[in-house]
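**Q** Residue numbers (numbering that gives the first Met the number 0), protein chains in the order written: chain A, 0 to 243; chain B, 0 to 303.
Built from N, CA and C at the ideal position, the CB exists for glycine as well.
Since this is a predicted model, take the numbers as computed values, not measurements.
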Amino acid sequence: MKETRALIERIIEVNSAIQHLHLSFEGSPGRIKPGLSLLVGVADIAHPYLRESWWPVSIKDDFIVVERPAKERYEIGQVVNALGYIGKPYLFRRNLRNVLLVAHDTPPTPLLLTIPWLLGNKISVTLVLTGTARTYNTEHLDRRVEIIRGDEGFTWPDQVMNAGWADQVFVTTGGADENAAFRMVYDHFETLRASVQPNYLFGVFRPILPCGVGACGACWLASKRGAAMICTDGPAFDLTQMVR
Amino acid sequence: MAIEITRSGKRSLILETPVMNAAGAFGYGDVYRDIIKYEKLGAIITAPISYEARSAARGGRVVPLDSAVLLHTGLPNPGLNKVLRKYRSLWESLALPVIVHLIATTDEQVRKASARLDEEDCVDAIELGLRDDITWQEASRLVGSAVTKTDKPVLVRLPVSDAYEIADAVAGAGASTLVVAAPPRGTARDPQSGKLISGRIYGPVVKPIVLNMVGQIARRVDVPVVGAGGIHSPQDARDYLDAGAAAVQVDSVIWRSPKELEIIARDLGGYIVTRQTDAMPDEWHRGMGDTEQERQRRKNRRDA
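1. By DSSP's criteria, B/Asn-20 is part of a beta bridge. Which residues make up the other side?
2. Tell me whether A/Val-242 is buried or exposed, calling it buried when 16 or more other Cβ atoms sit within 10 Å of its Cβ.
3. Going by alpha carbons, who is nearest to B/Pro-96 out of B/Ala-246, B/Cys-121, B/Asp-235, B/Pro-233?
4. Does A/Ala-180 pass the burial test, meaning 16 or more other C-beta atoms within 10 Å, or should it be called exposed?
5. Where do the N-terminal and C-terminal ends of the beta strand (DSSP E) with A/Ser-15 fall, by residue?
6. B/Leu-141 CB to nearest chain A CB: under 9 Å?
7. So with CB distances below 9 Å, who are the chain B contacts of A/Leu-49?
8. Ignoring anything shorter than 4 residues, give me the alpha helix (DSSP H) runs that lie fully in the segment 185-267 of chain B, in order along the chain.
9. Using Cβ-Cβ distances below 8 Å, what residues of the segment 9-22 of chain B are close to chain A?
10. Which residues of chain A have a Cβ atom closer than 9 Å to the Cβ of B/Ala-46, listed in chain order?
11. Quick one: is A/Leu-220 near chain B, going by C-beta distance under 9 Å?
12. With 9 Å as the threshold, decide whether the Cβ of A/Ile-85 is near any Cβ in chain B.
13. Less than 8 Å between the CB atoms is what I'm expecting for B/Ser-54 and B/Gly-23, so what's the real figure, rounded?
14. Starting from the Cα of B/Gly-58, find the closest Cα among A/Thr-190, A/Gly-152, A/Leu-220 and give me that residue.
15. Would A/His-46 pass as an interface residue toward chain B - the criterion being a Cβ-Cβ separation below 9 Å?
16. What are the residues in the segment 239-252 of chain B lying within 8 Å of chain A by C-beta distance?
17. Among the candidates B/Ser-139, B/Ala-170, B/Gln-108, whose CA atom is the shortest distance from the CA of B/Arg-305?
18. Quickly, what does DSSP pair A/Asp-237 with across the bridge? List them, please.
19. Below 8 Å on the Cβ atoms is my contact criterion, and I expect A/Gly-86 with A/Pro-234 to pass it. Report the Cβ-Cβ distance as a whole number of Å.
20. Report the CB separation of B/Ser-66 from B/Pro-203 in whole angstroms; it is logged as a contact under 8 Å.
21. Counting only beta-carbon separations shorter than 9 Å, does B/Gln-234 have a partner in chain A?
22. Evaluate A/Gln-18 with the Cβ neighbour count: other Cβ atoms within 10 Å of its Cβ, from every protein chain shown; 16 or more gives buried, anything less gives exposed.
23. Where do the ends of the alpha helix (DSSP H) carrying A/Leu-191 lie?
24. If I follow the unbroken alpha helix (DSSP H) through B/Thr-176, where does it start and stop?
25. Based on the DSSP output, what are the partners of B/Ser-88 in its beta bridges?
26. Quick one: is A/Met-228 buried, meaning 16 or more other Cβ sit within 10 Å of its Cβ, or exposed?
27. Listing by chain order, which chain A residues have their CB less than 8 Å from the CB of B/Ala-170?
28. Enumerate in chain order the residues of its own chain whose CB-to-CB distance from B/Tyr-304 is below 6 Å, with the five nearest sequence positions on each side excluded.
29. Between B/Asn-76 and chain A, is any beta-carbon pair separated by less than 9 Å?
30. Chain B partners of A/Lys-1, CB-CB under 9 Å?
31. Are the CB atoms of A/Thr-113 and A/Phe-169 within a distance shorter than 9 Å?
32. Short of 6 Å in beta carbon distance, which residues of its chain neighbour B/Gly-198, apart from the five on each side in sequence? Order them along the chain.
33. Using a cut-off of 8 Å between C-beta atoms, extract the partners of A/Gly-40 located in chain B.
34. Ignore the nearest five residues each way along the sequence and tell me which others in B/Pro-152's own chain have a CB closer than 6 Å to its CB.
35. Note down, in chain order, every chain B residue with its Cβ under 7 Å from the Cβ of A/Ile-207.
36. Using only the alpha-carbon positions, how far apart do B/Val-146 and A/Leu-82 sit?
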């Protein structure tokens with residue numbers, strides 16, 4: 000981990016809800032993989048004492064493209080302080096054929112970088128949007144991704160078939176209590192399948208980050224494999240390993 | 000320059016620089032190794048550790064405030080023995096003192112933990128963290144439990160509430176140093192959940208309150224005082240030394256800008272030297288030396 004600075008080179012208004020920032024870096028920020036996010040401090044835009052995770056959604060030319068809400072104001076040439084990438088890459092199974100991505104009450108941004116990688120490896124991708132995520136505009140996503148819009152709750156058409164067909168599921172949720180939300184997700188998948196096996200259902204956690212590097216203890220998570228920090232050991236955790 | 004931050008005697012602790020991180024702001028010492036030059040710091044203080052494992056608080060843990068942030072972690076940790084197993088080799092490899100922050104739970108656990116830490120060569124001192132609603136009698140008893148089981152210095156981090164009364168009591172019970180103070184507790188509504196959350200408050204807003212306490216406690220007890228709370232710049236840290244602190248601890252600014260801890264340490268390292276000799280602190284203060292040199296260069300160019 001190294002303090003570095005990123006320059007906003009381009010701003011693309013994707014639609015009325017999201018914008019894509021093209022970032023270049025002073026030095027190399029390292030190799031980006033699905034699951035990693037960029038830890039930034041933007042005191043004049045966000046909170047002066049908190050850091051933010053910026054989720055890359057693609058790599059174009061030499062730029063890292065991150066997705067931000069359209070309501071946030073950025074300028075071309077603006078410098079952003081960054082502490083490099085945090086977290087660990089998503090763990091995909093070998094012999095993967097079908098992956099289900101689910102966003103509930105939050106944009107699917109943390110899941111999007113998986114799409115080019117999965118499609119590039121001939122793995123089919125289904126993106127399910129439920130709750131407030133249903134309004135997420137998907138026109139900018141690859142046409143090969145199957146998009147399913149569910150209802151206000153955590154249900155969608157053909158969910159039993161999707162859950163059975165998927166080799167792995169990655170879920171991101173909104174709401175104040177992520178632990179409670181992922182307990183609900185686990186319980187729901189238990190009703191969709193005879194049993195939820197390890198390495199099948201992953202929750203992608205997104206806590207508020209005071210430090211983002213495991214120094215403050217705010218994102219401590221208890222799992223059956225021992226304690227973990229979401230910022231450094233996450234963001235994805237196997238929901239069968241969570242301590243209830 | 001050597002700075003003694005404890006009472007003189009067999010339980011003494013001498014630092015090269017009067018700047019440390021505060022417990023809970025720096026992990027166990029492993030997190031910022033690639034960013035901060037540790038040799039510039041006086042010591043490192045570990046994240047709070049209890050004798051037995053503790054789990055994290057449930058529900059919302061972070062509430063952004065206008066000029067601060069409220070944090071409610073529940074002080075989760077895997078317990079003293081597991082921490083020692085994991086971090087002993089790191090602490091042994093560091094060329095600066097390591098102070099273990101021990102959560103003062105019960106007399107028995109404090110005794111056991113202090114005895115355990117006394118055996119560890121990689122630990123140079125213990126900082127005892129007292130809970131906020133503690134009475135001076137309990138505080139005195141817990142400090143007594145620690146000092147009877149170890150020959151290492153025992154620093155005591157005071158809670159903001161009843162700090163003066165507790166300062167007298169723990170000084171009498173054998174505390175080597177008083178750390179003034181733990182981040183104050185507050186209650187705020189979590190905008191995400193709509194629930195009220197109680198926790199510790201971090202931010203510059205804390206400094207005036209604690210700075211006042213440092214001055215009063217330093218005059219009141221005959222034990223060195225370490226100032227901690229709301230330090231966000233070298234000047235904030237200097238203010239604590241001027242108020243009577245022997246050293247300072249830096250907390251939440253590390254999260255926002257880790258390098259600031261090193262900058263404060265470099266500045267105070269120089270300040271301590273220049274203050275002794277009434278020298279001008281320019282060259283030690285960040286940027287000031289360069290600015291003066293640049294001014295001089297411009298003046299010379301104009302004159303030429």
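**A** Reading off the structure:
1. In DSSP, B/Asn-20 forms a bridge with B/Val-249.
2. Exposed is the call here.
3. Of the residues B/Ala-246, B/Cys-121, B/Asp-235, B/Pro-233, the one whose Cα lies closest to the Cα of B/Pro-96 is B/Cys-121.
4. Counting Cβ neighbours within 10 Å, A/Ala-180 comes out buried, since at least 16 surround it.
5. No beta strand (DSSP E) contains A/Ser-15, which DSSP labels as neither H nor E.
6. By this cut-off, B/Leu-141 is not an interface position.
7. Identification of chain B residues near A/Leu-49 by a Cβ-Cβ cut-off of 9 Å yields Val-61, Pro-63, Val-68, Trp-254, Arg-255, ordered along the chain.
8. Listed in chain order, they are 206-219, 233-241, 252-255.
9. The segment 9-22 of chain B vs chain A, Cβ under 8 Å: nothing.
10. Taking a Cβ-Cβ cut-off of 9 Å, the neighbours of B/Ala-46 in chain A comprise Ala-214, Cys-215, Gly-216, given in sequence order.
11. Yes - at least one Cβ of chain B is within 9 Å of the one on A/Leu-220.
12. Nearest CB-CB separation between A/Ile-85 and chain B: not below the 9 Å threshold.
13. Actually they do not touch by this definition, with Cβ atoms about 16 Å apart.
14. Nearest option by C-alpha distance: A/Leu-220.
15. Closer than 9 Å to some Cβ of chain B, the Cβ of A/His-46 qualifies, so yes.
16. Per Cβ criterion, the list reads Ser-251.
17. The displayed coordinates of chain B run from 0 to 303. Any statement about residue 305 of chain B would go beyond what the structure contains.
18. Beta-bridge pairing links A/Asp-237 to A/Phe-201.
19. Contact flag correct, Cβ pair sits at about 5 Å.
20. With 8 Å as the limit, B/Ser-66 and B/Pro-203 qualify as a contact, their Cβ atoms being about 7 Å apart.
21. No, its Cβ sits nowhere closer than 9 Å to a Cβ of chain A.
22. By the 10 Å Cβ count, A/Gln-18 comes out buried.
23. It spans 177-191 - the alpha helix (DSSP H) in which A/Leu-191 sits, taken as one unbroken run.
24. Here B/Thr-176 belongs to no alpha helix (DSSP H); instead the beta strand (DSSP E) covers 176-179.
25. Paired residues: none, contrary to the question.
26. The residue is buried, with at least 16 neighbouring Cβ atoms inside 10 Å.
27. Close to B/Ala-170, with beta-carbon spacing below 8 Å, lies no residue of chain A; the smallest spacing is near 30 Å.
28. Residue 304 of chain B is absent from the structure shown; chain B starts at 0 and stops at 303.
29. Yes - at least one Cβ of chain A is within 9 Å of the one on B/Asn-76.
30. Taking a Cβ-Cβ cut-off of 9 Å, the neighbours of A/Lys-1 in chain B comprise Asp-33, Ile-34, given in sequence order.
31. The answer is yes: Cβ separation under 9 Å.
32. Close CB contacts of B/Gly-198 within its chain, under the 6 Å cut and outside five residues either way in sequence, are with Leu-69, Leu-70, His-71 (chain order).
33. Close to A/Gly-40, with beta-carbon spacing below 8 Å, are these residues of chain B in chain order: Arg-255, Ser-256.
34. When the five nearest sequence neighbours on each side are left out, the beta carbons in the same chain lying within less than 6 Å of the beta carbon of B/Pro-152 are those of Thr-5, Arg-10, Leu-12, Ala-124, Ser-175, in order along the chain.
35. Within 7 Å Cβ-Cβ: Val-61.
36. Approximately 41 Å between the Cα atoms of the pair.
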